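Heads up: the sequence shown begins at 852 in my numbering, then just goes up one per residue.
Heads up: the structure comes next, in structure tokens.
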Amino acid sequence: MGRIILLYLAAFALPFVSYLMWLRFERWRERLPPEKRPLPWVPLVAIALMLAIMVTLGLAFLGGEPAGGRYIPAHMQDGKLVPGRIEAGPP
Numbered sequence: 852m853g854r855i856i857l858l859y860l861a862a863f864a865l866p867f868v869s870y871l872m873w874l875r876f877e878r879w880r881e882r883l884p885p886e887k888r889p890l891p892w893v894p895l896v897a898i899a900l901m902l903a904i905m906v907t908l909g910l911a912f913l914g915g916e917p918a919g920g921r922y923i924p925a926h927m928q929d930g931k932l933v934p935g936r937i938e939a940g941p942p
């Protein structure tokens, strides 16, 4: 339950953190001379990469089934489709 709450809080805070990072970047960029200012797509690509890394790490550490178990594929039983599942136990 704590993991779910943490995910919702992170998803809620992400736009605010992104906006604060953008403000900080803009203040830094205004201090540079015009010929040295980076192109506008540079921070957008950086933010997109950070979000992709965060999502990948989040799915890797917080998602998925526990290791082990035996996979039972979907099959027909008594004329009904039984969905696939993983039964606990040794593989």
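No residue lacks a Cβ here, since even glycine has one placed at the ideal position from N, Cα and C.
Predicted model only: the values in this text are computed from it and were never measured.
{"Item": "When the distance is taken between beta carbons, is Val933 closer than 8 Å to Ala925?", "Value": "yes"}
{"Item": "Arg888 by DSSP, collapsed to three states: which one?", "Value": "coil"}
{"Item": "Return yes when the Cβ of Ile923 is within less than 8 Å of the Cβ of Gly915, no when it is not.", "Value": "no"}
{"Item": "Inspect the beta-carbon positions of Leu913 and Leu858 and report whether they are closer than 8 Å.", "Value": "yes"}
{"Item": "What does the alpha-carbon distance come out to for the pair Arg888 and Trp873?", "Value": "15 Å"}
{"Item": "Is the beta carbon of Ile898 closer than 8 Å to that of Gly920?", "Value": "no"}
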